[in-house]
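Asker: When we follow the UniProt record's numbering, the leftmost residue of the sequence shown carries the number 1, and every step to the right adds one.
Just so you know, even glycine gets a beta-carbon here, dropped at the ideal spot from N, CA and C.
Keep in mind that this is a model prediction, so the values were computed, not measured.
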Amino acid sequence: MLNLIKEDIRKFTGLKVVRFIDIIKCYVHYKGIQAVVLYRLSNWFYNKGYKIIADLIRNYNIRITGCDIGPSSIIGKGLVLPHPNGIVIGENSIIGEDVTILHQVTLGLKDKGVILHPKIGNNVFLGAGAKILGDIKIGNNVDIGANAVVLKDLPDNCVAVSIPAKVVKFKK
(Lines of atoms letter the chains of each structure in order from A and count residues from 1; the text may use other names and numbers.)
(Lines give C-alpha, C1' and ligand atoms only; values in the text may rest on other atoms or scores of the structure.)
Protein backbone atom coordinates (compact mmCIF):
# COMPACT_ATOMS: atom_id res chain seq x y z
CA MET A 1 0.00 0.00 0.00
CA LEU A 2 2.79 2.44 0.89
CA ASN A 3 4.47 1.90 -2.49
CA LEU A 4 1.20 2.70 -4.28
CA ILE A 5 0.83 5.89 -2.25
CA LYS A 6 4.42 6.87 -3.09
CA GLU A 7 3.71 6.34 -6.80
CA ASP A 8 0.51 8.39 -6.55
CA ILE A 9 2.43 11.25 -4.91
CA ARG A 10 5.30 10.94 -7.41
CA LYS A 11 2.82 11.34 -10.28
CA PHE A 12 0.97 14.22 -8.54
CA THR A 13 4.07 16.21 -7.55
CA GLY A 14 6.74 15.18 -10.03
CA LEU A 15 9.15 14.30 -7.20
CA LYS A 16 11.81 11.75 -8.19
CA VAL A 17 12.07 10.29 -4.68
CA VAL A 18 9.12 10.33 -2.28
CA ARG A 19 10.08 10.18 1.38
CA PHE A 20 7.74 9.55 4.29
CA ILE A 21 7.85 13.25 5.21
CA ASP A 22 6.71 14.06 1.64
CA ILE A 23 3.69 11.81 2.14
CA ILE A 24 2.80 13.66 5.35
CA LYS A 25 3.29 17.11 3.75
CA CYS A 26 1.21 16.21 0.70
CA TYR A 27 -1.53 14.67 2.84
CA VAL A 28 -1.77 17.85 4.90
CA HIS A 29 -1.72 20.25 1.93
CA TYR A 30 -3.63 18.52 -0.89
CA LYS A 31 -7.21 17.25 -0.74
CA GLY A 32 -6.52 15.10 -3.79
CA ILE A 33 -3.75 13.27 -1.94
CA GLN A 34 -6.01 12.91 1.10
CA ALA A 35 -8.67 11.29 -1.08
CA VAL A 36 -6.20 8.88 -2.68
CA VAL A 37 -4.53 7.91 0.62
CA LEU A 38 -7.90 7.30 2.27
CA TYR A 39 -9.02 5.18 -0.72
CA ARG A 40 -5.79 3.13 -0.56
CA LEU A 41 -6.35 2.59 3.16
CA SER A 42 -10.01 1.58 2.72
CA ASN A 43 -9.06 -0.76 -0.14
CA TRP A 44 -6.36 -2.37 2.02
CA PHE A 45 -8.85 -3.03 4.83
CA TYR A 46 -11.43 -4.29 2.31
CA ASN A 47 -8.93 -6.77 0.84
CA LYS A 48 -8.02 -7.98 4.35
CA GLY A 49 -11.70 -8.70 5.04
CA TYR A 50 -12.35 -5.76 7.38
CA LYS A 51 -15.25 -4.37 5.36
CA ILE A 52 -16.75 -2.32 8.19
CA ILE A 53 -13.46 -0.47 8.71
CA ALA A 54 -13.17 -0.01 4.94
CA ASP A 55 -16.64 1.55 4.85
CA LEU A 56 -15.86 3.82 7.81
CA ILE A 57 -12.77 5.13 6.00
CA ARG A 58 -14.79 5.54 2.78
CA ASN A 59 -17.41 7.60 4.63
CA TYR A 60 -14.68 9.71 6.26
CA ASN A 61 -13.20 10.30 2.80
CA ILE A 62 -16.58 11.48 1.51
CA ARG A 63 -16.96 13.88 4.42
CA ILE A 64 -13.54 15.52 4.27
CA THR A 65 -12.80 15.48 0.52
CA GLY A 66 -16.18 15.06 -1.17
CA CYS A 67 -14.79 12.03 -3.02
CA ASP A 68 -16.59 8.65 -2.98
CA ILE A 69 -14.42 5.72 -4.05
CA GLY A 70 -15.73 2.22 -3.43
CA PRO A 71 -13.27 0.17 -1.35
CA SER A 72 -13.63 -2.81 -3.70
CA SER A 73 -12.48 -0.74 -6.70
CA ILE A 74 -9.14 -1.75 -8.15
CA ILE A 75 -6.95 1.24 -9.00
CA GLY A 76 -3.38 1.11 -10.30
CA LYS A 77 -0.47 3.30 -9.27
CA GLY A 78 -0.18 6.94 -10.25
CA LEU A 79 -3.76 8.01 -9.52
CA VAL A 80 -4.11 11.82 -9.62
CA LEU A 81 -7.20 13.63 -8.32
CA PRO A 82 -6.31 17.35 -8.47
CA HIS A 83 -9.71 18.44 -7.12
CA PRO A 84 -11.54 15.40 -5.70
CA ASN A 85 -14.85 17.10 -4.91
CA GLY A 86 -17.78 15.25 -6.46
CA ILE A 87 -15.79 12.32 -7.83
CA VAL A 88 -17.70 9.04 -7.62
CA ILE A 89 -15.95 5.76 -8.44
CA GLY A 90 -18.43 2.93 -8.01
CA GLU A 91 -17.76 -0.39 -6.33
CA ASN A 92 -15.82 -2.85 -8.50
CA SER A 93 -14.62 -0.24 -10.99
CA ILE A 94 -11.22 -1.08 -12.44
CA ILE A 95 -8.76 1.72 -13.21
CA GLY A 96 -5.29 1.28 -14.69
CA GLU A 97 -2.05 3.12 -13.97
CA ASP A 98 -1.30 6.83 -14.39
CA VAL A 99 -4.90 8.00 -14.55
CA THR A 100 -5.94 11.60 -13.87
CA ILE A 101 -9.53 12.26 -12.82
CA LEU A 102 -10.85 15.81 -12.51
CA HIS A 103 -13.72 16.99 -10.29
CA GLN A 104 -17.34 15.84 -10.66
CA VAL A 105 -16.43 12.68 -12.62
CA THR A 106 -18.60 9.58 -12.19
CA LEU A 107 -17.68 5.98 -12.95
CA GLY A 108 -20.85 4.09 -12.28
CA LEU A 109 -23.78 1.96 -13.25
CA LYS A 110 -25.79 2.51 -16.40
CA ASP A 111 -28.88 0.44 -15.68
CA LYS A 112 -30.63 -0.18 -12.39
CA GLY A 113 -30.10 -3.73 -11.18
CA VAL A 114 -27.11 -4.39 -13.47
CA ILE A 115 -24.02 -4.29 -11.27
CA LEU A 116 -21.29 -3.80 -13.85
CA HIS A 117 -18.88 -0.87 -13.65
CA PRO A 118 -16.40 0.59 -16.15
CA LYS A 119 -12.86 -0.58 -16.78
CA ILE A 120 -10.40 2.24 -17.44
CA GLY A 121 -7.04 1.60 -19.13
CA ASN A 122 -3.60 3.09 -18.42
CA ASN A 123 -2.63 6.73 -19.06
CA VAL A 124 -6.21 8.02 -19.21
CA PHE A 125 -7.39 11.59 -18.58
CA LEU A 126 -11.01 12.13 -17.47
CA GLY A 127 -12.09 15.76 -17.87
CA ALA A 128 -14.25 17.60 -15.34
CA GLY A 129 -17.81 16.32 -15.13
CA ALA A 130 -17.28 13.31 -17.40
CA LYS A 131 -19.59 10.34 -16.82
CA ILE A 132 -18.44 6.83 -17.70
CA LEU A 133 -21.40 4.53 -17.23
CA GLY A 134 -21.97 0.79 -17.39
CA ASP A 135 -19.95 -2.26 -18.31
CA ILE A 136 -17.66 -0.52 -20.79
CA LYS A 137 -13.93 -0.47 -21.45
CA ILE A 138 -11.89 2.67 -21.97
CA GLY A 139 -8.63 1.86 -23.76
CA ASN A 140 -5.10 2.99 -22.94
CA ASN A 141 -3.88 6.54 -23.64
CA VAL A 142 -7.38 8.03 -23.91
CA ASP A 143 -8.51 11.60 -23.16
CA ILE A 144 -12.18 12.17 -22.33
CA GLY A 145 -13.38 15.77 -22.49
CA ALA A 146 -15.27 17.76 -19.90
CA ASN A 147 -18.90 16.72 -19.37
CA ALA A 148 -18.68 13.87 -21.89
CA VAL A 149 -21.06 10.98 -21.27
CA VAL A 150 -19.42 7.70 -22.27
CA LEU A 151 -21.83 4.81 -22.80
CA LYS A 152 -19.79 2.62 -25.19
CA ASP A 153 -16.25 1.24 -25.32
CA LEU A 154 -13.48 3.59 -26.46
CA PRO A 155 -10.39 2.29 -28.30
CA ASP A 156 -6.77 2.99 -27.37
CA ASN A 157 -5.14 6.31 -28.29
CA CYS A 158 -8.21 8.46 -28.84
CA VAL A 159 -9.86 11.68 -27.71
CA ALA A 160 -13.61 11.57 -27.01
CA VAL A 161 -16.03 14.42 -26.29
CA SER A 162 -19.76 15.24 -26.31
CA ILE A 163 -23.03 13.69 -25.14
CA PRO A 164 -23.01 10.85 -25.93
CA ALA A 165 -19.24 10.71 -26.28
CA LYS A 166 -17.78 10.38 -29.77
CA VAL A 167 -14.18 9.88 -30.83
CA VAL A 168 -13.02 13.12 -32.45
CA LYS A 169 -9.40 12.22 -33.10
CA PHE A 170 -6.77 9.55 -32.68
CA LYS A 171 -3.39 10.19 -31.09
CA LYS A 172 -0.15 9.23 -32.83
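Would you mind sorting residue 98 into buried or exposed? The rule is 16 or more other CB atoms within 10 Å of its CB.
Answerer: Its Cβ being crowded by 16 or more others within 10 Å, residue 98 is buried.
Asker: What's the gap between the Cα of residue 23 and the Cα of residue 144?
Answerer: Spanning the two alpha carbons is a distance of roughly 29 angstroms.
Asker: In this structure, how does DSSP classify residue 160 when only helix, strand and coil are distinguished?
Answerer: Strand.
Asker: Specify the secondary structure class of residue 86 as computed by DSSP and reduced to three states.
Answerer: If DSSP states are grouped into helix, strand and coil, residue 86 belongs with coil.
Asker: Anyone know if the C-beta pair for residue 61 and residue 69 falls short of 8 angstroms?
Answerer: Contact: yes.
Asker: Give a yes or no on whether the C-beta atoms belonging to residue 102 and residue 128 are separated by under 8 angstroms.
Answerer: Yes, the Cβ-Cβ distance between residue 102 and residue 128 is below 8 angstroms.
Asker: Can you grab the Cα-Cα spacing for the pair residue 55 / residue 93, in whole Å?
Answerer: When rounded, the distance between both Cα atoms is 16 angstroms.
Asker: Our contact map puts residue 138 next to residue 164 with C-beta atoms below 8 angstroms; I'd like the distance itself, whole angstroms only.
Answerer: Not quite, the Cβ-Cβ distance comes to about 14 angstroms (not below 8 angstroms), so this is no contact.
Asker: Is it true that the CB of residue 100 sits closer than 8 angstroms to the CB of residue 125?
Answerer: Yes.
Asker: Counting only the same chain and skipping the five closest in sequence on each side, list residues whose C-beta sits under 6 angstroms from that of residue 135.
Answerer: For residue 135, where only same-chain residues beyond five positions count, the Cβ hits under 6 angstroms are 116.
Asker: Could you tell me which uninterrupted beta strand (DSSP E) segments, each at least 3 residues in length, are contained entirely in the region 72-154, listed from first to last along the chain?
Answerer: Qualifying beta strand (DSSP E) stretches, in chain order: 106-108 and 131-133.
Asker: Would you identify the three-state DSSP class for residue 166, choosing helix, strand or coil?
Answerer: Three-state result, residue 166: strand.
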